[in-house]
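>
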Amino acid sequence: MDVELIFKIAAIGIVVAVIYRLLVQSGRDEQALMVTIAGLVVVMIMIVEQIYELFSTIKNLFEL
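In terms of this note's numbering, the sequence shown opens at residue 103 and continues consecutively.
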């Protein structure tokens, strides 16, 4: 697992948190929620790709 992936996820979390806070303070709660959901989706896609690579490696290791 790359440390780079952890840094990318942390960076996305920080950016989403800042944007969320700015939107909530300006009274745009719906947009703040959408930004949070979008950030979660982006991180989940990144994690799913890594899980796919893990299963592919395991499959090749056991020659299934």
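The beta-carbon is built from N, C-alpha and C at its ideal position, and this holds for glycine as well.
1) Which residue's Cα is closest to the Cα of V137: S158, Y122, Y154, I160?
2) State the CB to CB distance for the pair M146 and I111, rounded to an integer number of angstroms; the pair is presumed to be in contact (CB under 8 Å).
3) For L135, which three-state DSSP category applies?
4) Quick one: grab the DSSP three-state call for S158.
5) Quick one: Cα of F109 to Cα of L166, how far?
6) Quick one, are the C-beta atoms of Q133 and L125 less than 9 Å apart?
To lay it out plainly:
1) Start at 1 with the first residue of the sequence shown, and residue 137 comes out as number 35. For the residues S158, Y122, Y154, I160, the minimum Cα distance to V137 belongs to Y122.
2) As a first step, residue 146 is located in the sequence shown; it is residue number 44 there, counting from the start. As a first step, residue 111 is located in the sequence shown; it is residue number 9 there, counting from the start. Not quite, the Cβ-Cβ distance comes to about 10 Å (not below 8 Å), so this is no contact.
3) What you label residue 135 is simply residue 33 of the sequence shown in a count that begins at 1. In the structure shown, L135 sits in a helix (DSSP, three-state: H, G or I).
4) As a working note, residue 158 is residue 56 in the sequence shown. Helix at S158.
5) Mapped onto the sequence shown, residue 109 falls at position 7. Mapped onto the sequence shown, residue 166 falls at position 64. Using only the alpha carbons, I get a separation of about 33 Å.
6) As a working mapping, residue 133 is identified with position 31 in the sequence shown. As a working mapping, residue 125 is identified with position 23 in the sequence shown. Contact: yes.
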